[in-house]
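Chemist: For the sequence shown, our numbering assigns the number 1426 to the initial residue and increments by one for each residue that follows.
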Amino acid sequence: MRTADIIAEENQYIVQTYGRPEFVLERGNGVYLFDTDGNRYLDFVSGLAVNAFGYGDYDILKAIEQQAAQLMHCSNLYHTIPSTKLAVQLVENSFADRAFFCNSGTEAWEATLKFCRKWGNTTFDKPKNGLIAMNNSFHGRTYGSISTTGQPKYHQGFEPMLPGVDFAEFNNLASVEALVTDQTCAILLEPLQAEGGIHVAEQGFLEGLRALCDEREILLVFDEIQTGMGRTGSLWAYEQYGVEPDIMTLAKALGGGLPIGVTLVRQKVADAIAAGDHAATFGANPVVCAAALTVFAKLNEAGFVDGIREKGEYLHARLAKLQERWPDHISQIRGRGLIAGAVTSRPAADYLVPFRQRDILVVTAGADVLRFLPPLIVGKEHLDEAIDVFDEILRQGLD
Ligand SMILES: *Cc1c(COP(=O)(O)O)cnc(C)c1O
């Protein structure tokens, strides 16, 4: 089929929940994607922070192939090996005591909300089930997730939202304290708000939240679906703060391109959950967990995460230089490690086509932030190429 035919059929047969650009991606290799017209793109989107090891990684492919041949699915009615091994790895390399497996970020978040309320409703003399989430957050697209996402654009037309959710200001401890009551069971946030525009949590904010949660017997929940798995230059973003949550959600990069969601919890949360409280047919799928085991082993290879931090510092230093050169076009550079946002004076979406015309894919994060999310295996030469192209676009000007 020709490119135009595929796009025409897509437009006719698929619910139009996405506005897609006019090209069709067909295959990938390393840090590159190829479209049906033979164009090659340097990928600074990584399937939205999923393809940490780029495309066609041999180790991940081999793990998928072997496990698919051995056992593809048998349901959570039975014990299986890959999910158990993965749980051991995730627990032994984090704050957590136990893992729950599902299939996506939003599902991991839904499990979190249920676990928080079950804990709050059953642990104390009087039930408590109030949730405090952050303005500008993003936690996925199912009802619990949008109800705790502090961006009205995700609610509009889908009301009513889940009750019992209040919103505080990110990086404003007093605004959280003002909302805490004896009914509050959990405080929910991303240590780095990604979809909301690349906002990094301040040290004092996370420390203050941890102290507040300890004092008032509230669960502290970190959504590391986008920031986990090395993206910010440490395995988990929270490590750079020395502040541990009670629950953490993972998804995106962990599955190596296959769908996975994980809710990691402390024992006290697990103690509130009984058999039958929650489930997912495909959760803990052996093939997905085998891929994730390989991804996790590769992330933990000596020096890999240090390399992300170094490359991240290089990317941020070069972006900072670009901002100095073009202060009228770029007002701020935000982020950490290999997630970076340039705050643009023009709508960020205006830059997508100019980048694509120069064979690079980038993505926005909100209306005025251009987001750089290269695969974690990216080389410095690729970082240079993307920044040089950004420089050229700014020099030549948008139409
Ligand atoms: C992507 C994302 C989600 C939702 O994940 P899905 O797999 O799309 O459901 C939730 N939280 C954060 C922080 C995300 O970046």
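Beta carbons: idealized from backbone N, C-alpha and C, even for Gly.
For a quick check, are the C-beta atoms of residue 1546 and residue 1553 less than 9 Å apart?
Modeler: As a position in the sequence shown, residue 1546 is number 121, starting the count at 1. As a position in the sequence shown, residue 1553 is number 128, starting the count at 1. Cβ atoms of residue 1546 and residue 1553: closer than 9 Å.
Chemist: Over what stretch of residues does the beta strand (DSSP E) that includes residue 1773 continue unbroken?
Modeler: Numbered from 1 along the sequence shown, position 348 holds the residue referred to as residue 1773. Note, residue 1773: premise wrong, no beta strand (DSSP E); not H, not E.
Chemist: Ordered along the chain, which non-local residues of its own chain (more than five positions away) have a Cβ less than 6 Å from that of residue 1674?
Modeler: Here the question's residue 1674 lines up with position 249 in the sequence shown. Closer than 6 Å at Cβ, skipping near neighbours: 1533, 1534, 1537, 1648, 1650, 1688.
Chemist: State yes or no: is the C-beta of residue 1748 within less than 9 Å of the C-beta of residue 1767?
Modeler: By one-based count along the sequence shown, residue 1748 stands at place 323. By one-based count along the sequence shown, residue 1767 stands at place 342. A contact, by the Cβ cut-off of 9 Å.
Chemist: Answer yes or no: the CB of residue 1735 versus the heavy atoms of ligand 1, is any distance below 8 Å?
Modeler: Counted from its first residue, the sequence shown places residue 1735 at position 310. Residue 1735: no, Cβ never under 8 Å from ligand 1.
Chemist: Does DSSP classify residue 1592 as helix, strand or coil?
Modeler: Here residue 1592 refers to the residue found at position 167 when the sequence shown is read from its first residue. In the structure shown, residue 1592 sits in a strand (DSSP, three-state: E or B).
Chemist: Once you ignore the five residues that flank residue 1670 on each side, which residues in its own chain have a CB closer than 7 Å to its CB?
Modeler: Against the sequence shown, residue 1670 aligns to sequence position 245. Only 1520, 1645, 1646, 1647, 1663 meet the Cβ criterion.
Chemist: Is the beta carbon of residue 1441 sitting closer than 9 Å to the one on residue 1712?
Modeler: Your numbering for residue 1441 matches position 16 in the sequence shown. Your numbering for residue 1712 matches position 287 in the sequence shown. Cβ atoms of residue 1441 and residue 1712: not closer than 9 Å.
Chemist: Ligand 1 heavy atoms versus the CB of residue 1411: any closer than 8 Å?
Modeler: Since the first and last residues shown for the chain are 1426 and 1824, residue 1411 lies out of range.
Chemist: Drop a sphere of 10 angstroms on the beta-carbon of residue 1450, count the other beta-carbons inside from all chains shown, and report buried for 16 or more, exposed for fewer.
Modeler: In the sequence shown, residue 1450 corresponds to position 25, counting from 1. So residue 1450 ends up on the exposed side.
Chemist: Using 10 angstroms around the beta-carbon of residue 1494, count the other beta-carbons present and answer buried if the total reaches 16, otherwise exposed.
Modeler: For the purposes of this step, residue 1494 is identified with residue 69 of the sequence shown, where counting begins at 1. Exposed, because fewer than 16 other Cβ atoms sit within 10 Å of the Cβ of residue 1494.
Chemist: Short of 6 Å in beta carbon distance, which residues of its chain neighbour residue 1592, apart from the five on each side in sequence? Order them along the chain.
Modeler: Counted from its first residue, the sequence shown places residue 1592 at position 167. Counting only Cβ-Cβ distances below 6 Å, and skipping sequence neighbours, we find 1558, 1560, 1575.
Chemist: When burial is assigned at 16 or more other CB atoms within 10 Å of the CB, is residue 1467 buried or exposed?
Modeler: As a first step, residue 1467 is located in the sequence shown; it is residue number 42 there, counting from the start. By the 10 Å Cβ count, residue 1467 comes out buried.
Chemist: Flag this pair as yes or no: are the beta carbons of residue 1784 and residue 1476 separated by less than 9 Å?
Modeler: If you number the sequence shown from 1, residue 1784 lands on position 359. If you number the sequence shown from 1, residue 1476 lands on position 51. Contact flag unset, no.
Chemist: If you run the structure through DSSP and keep just helix, strand and coil, what is residue 1516?
Modeler: The count along the sequence shown starts at 1 and reaches residue 1516 at position 91. Helix, per DSSP.
Chemist: Quick one: complete alpha helix (DSSP H) runs, 4+ long, within the stretch 1709-1751?
Modeler: 1711-1724, 1729-1750, all fully within the stretch 1709-1751.
Chemist: Can you tell which of 1692, 1531, 1483, 1516 has the C-alpha that lies nearest to the C-alpha of residue 1681?
Modeler: As a working mapping, residue 1681 is identified with position 256 in the sequence shown. Out of 1692, 1531, 1483, 1516, 1483 has the C-alpha closest to the C-alpha of residue 1681.
Chemist: Where does residue 1803 fall in DSSP's three states?
Modeler: For this step, residue 1803 is matched to residue 378 along the sequence shown. The answer is coil: DSSP assigns residue 1803 none of H, G, I, E or B.
Chemist: When every heavy atom of ligand 1 is checked, does at least one fall within less than 8 Å of the C-beta of residue 1571?
Modeler: The count along the sequence shown starts at 1 and reaches residue 1571 at position 146. Not under cutoff, so the answer is no.
Chemist: So residue 1793 and residue 1779 are supposed to be a Cβ contact under 8 Å. How far apart are they, rounded?
Modeler: Within the sequence shown, numbered from 1, the residue matching residue 1793 stands at position 368. Within the sequence shown, numbered from 1, the residue matching residue 1779 stands at position 354. With 8 Å as the limit, residue 1793 and residue 1779 do not qualify as a contact, their Cβ atoms being about 16 Å apart.
Chemist: On a CA-only basis, which of 1470, 1514, 1795 is nearest residue 1722? Give me that one, please.
Modeler: Taking the first residue of the sequence shown as position 1, residue 1722 is located at position 297. Closest by alpha carbon: 1514.
Chemist: Where residue 1804 and residue 1813 are concerned, what is the direct C-alpha to C-alpha distance, given to the nearest angstrom?
Modeler: Locating residue 1804 in the sequence shown gives position 379, counting from the first residue. Locating residue 1813 in the sequence shown gives position 388, counting from the first residue. Taking the straight line joining both Cα atoms gives about 14 Å.
Chemist: Give the list of continuous alpha helix (DSSP H) stretches no shorter than 4 residues that lie fully inside the stretch 1546-1606.
Modeler: DSSP runs (the alpha helix (DSSP H)) wholly in the stretch 1546-1606: 1568-1572, 1598-1602.
Chemist: Could you have a look at residue 1663 and say whether DSSP puts it in helix, strand or coil?
Modeler: Counting from one through the sequence shown, the residue named residue 1663 turns up at place 238. In this structure, residue 1663 counts as helix in the three-state DSSP scheme.
Chemist: Cα separation between residue 1902 and residue 1539?
Modeler: Given a span of 1426 to 1824 for the chain in the structure shown, any question on residue 1902 remains unanswerable.
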